[in-house]
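See below for the structure under consideration.
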């Protein structure tokens with residue numbers, strides 16, 4: 024699948040162009056997700072758009088990178104209605120702030136959760152358990 | 028063509044010595060009277076007419092369906108009537124993974140049940156979180172509600188669920204009538220933040 028990267032300020036313009044240009048016509052948004060690269064300073068979070076041209080059956084992957092200190096990205100909800108819940112999910116798990124989103128709140132996790140569980144600084148395991156102290160379970164040992 | 032056969036001469040079932048009957052509690056009997064403890068009679072009645080409320084969220088629920096069906100037949104133990112209203116049921120059977128988001132719902136269902144009520148945690152997930160040692164899964168339902176019997180297994184076989192059910196029956200049959208008013212019980216509920 025073709026994949027490309029762009030500056031995060033340009034994400035809406037590029038999505039709009041891919042949508043409107045008749046020879047491209049990427050008018051279906053398959054997925055929005057994010058990836059956390061903790062060692063890539065200044066570009067810790069990648070937001071990934073999966074686009075689909077349903078006429079030609081061609082798929083395209085589009086990434087923008089942002090720093091973890093200022094994880095703000097323009098929302099795609101004006102262009103794709105389906106981006107609403109996908110961006111809520113991406114916010115829920117990675118804490119990406121989608122500027123202009125009409126209802127940016129948690130969608131899958133409990134509302135009381137005070138962190139973003141798929142960021143790599145947070146251990147995946149439930150930390151309330153005390154009966155599994157083996158390092159194989161992610162508690163007690165080092166992560167690396 | 029295969030002949031059609033009708034069961035025109037059915038063999039009557041031989042129920043002699045194969046029917047399980049509940050034994051009468053200990054007591055004194057004489058001509059026209061039988062005297063025993065009220066708690067024994069109440070326990071006998073309760074344990075043999077438990078109304079389970081299945082709270083099935085995953086594969087353990089499928090095993091419970093087998094337990095209810097004709098082959099294993101939970102109805103033999105007096106639980107013919109599986110209720111789906113917490114107000115009417117005595118036994119909450121939690122079967123399956125409980126996500127943290129589901130925990131308040133489960134607690135609400137428990138609170139809606141009338142005393143006396145019992146809880147059985149079926150399977151590894153309901154008992155301890157099981158393999159789902161992760162941020163989104165409740166690490167055992169005993170974090171939000173008190174549990175009487177745990178059934179291990181992933182998922183447990185219907186025999187194991189029946190065994191757990193019979194353990195609950197033992198608890199119900201032997202329970203003192205004053206237990207639900209005792210300080211220990213109040214303290215237990217208090218530790219879960221229930222009044």
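Chains as they are written, first to last, in the numbering used here: chain A, 24 to 167; chain B, 28 to 222.
Just so it is clear, CB atoms sit at the ideal spot from N, CA and C, and this is done for glycine as well.
In this structure, the beta-carbon distance from residue 40 (chain A) to residue 83 (chain A) does not fall below 8 angstroms. Taking the beta carbon of residue 162 (chain B) as reference, the chain A residues within 7 angstroms of it are 140, 147 and 149, listed in sequence order. Contact between residue 175 (chain B) and residue 146 (chain B) holds, since their C-beta atoms are separated by about 5 angstroms, short of 8 angstroms.
Counting the other Cβ atoms within 10 Å of the Cβ of residue 137 (chain B) gives 16 or more, which makes it buried.
With fewer than 16 other CB atoms across the displayed protein chains lying within 10 angstroms of its CB, residue 51 (chain B) is exposed. For residue 120 (chain B), DSSP records a beta bridge to B:81 and B:147. Contact with chain A is absent for residue 139 (chain B), since none of that chain's Cβ atoms lies less than 8 angstroms from the residue's Cβ. Rounded to whole angstroms, the gap between the alpha carbons of residue 30 (chain B) and residue 38 (chain B) is 21 angstroms. Using a CB distance below 8 angstroms, no part of the region 97-125 of chain A faces chain B. For residue 199 (chain B), the three-state secondary structure derived from DSSP is helix. A residue is called buried when at least 16 other Cβ atoms come within 10 angstroms of its Cβ; residue 30 (chain A) does not meet this threshold and is exposed.
Judged by beta-carbon spacing, residue 149 (chain A) lies beyond the 8 angstroms limit of residue 219 (chain B), meaning their Cβ atoms are not closer than that value. In the structure shown, residue 130 (chain A) falls within a coil segment according to DSSP collapsed to helix, strand and coil.
In this structure, residue 118 (chain A) sits near residue 139 (chain A), with a CB-CB distance shorter than 8 angstroms. Under the DSSP assignment, residue 68 (chain B) falls in the alpha helix (DSSP H) whose first and last residues are 65-74.
By alpha-carbon distance to residue 75 (chain B), the top candidate from B:186, B:101 and B:177 is B:101. Excluding its 5 nearest sequence neighbours in each direction, residue 120 (chain A) has C-beta neighbours in its own chain below 8 angstroms: 94, 95, 96, 114 and 127, listed in chain order.
Residue 70 (chain A) has its alpha-carbon roughly 29 angstroms from the corresponding atom of residue 165 (chain B). Membership of residue 218 (chain B) in the alpha helix (DSSP H) is indicated by the continuous run 210-218. In this structure, A:67 is the residue among A:100, A:67 and A:75 with its C-alpha nearest to the C-alpha of residue 59 (chain A). Annotation for residue 54 (chain A): the continuous beta strand (DSSP E) segment containing it runs 51-59. Residue 86 (chain A) is bridged by DSSP to A:28 and A:71. Per DSSP, reduced to three states, the secondary structure at residue 114 (chain A) is helical. Taking a cut-off of 8 angstroms on C-beta distances, the region 109-124 of chain B does not touch the region 49-68 of chain B, as fewer than three cross pairs fall below it.
Comparing alpha carbon positions, the residue from A:144, A:25 and A:98 closest to residue 36 (chain A) is A:98. As a beta-bridge residue in DSSP terms, residue 120 (chain A) pairs with A:95. Checking the DSSP bridge columns, you'll see residue 164 (chain B) partnered with B:126.
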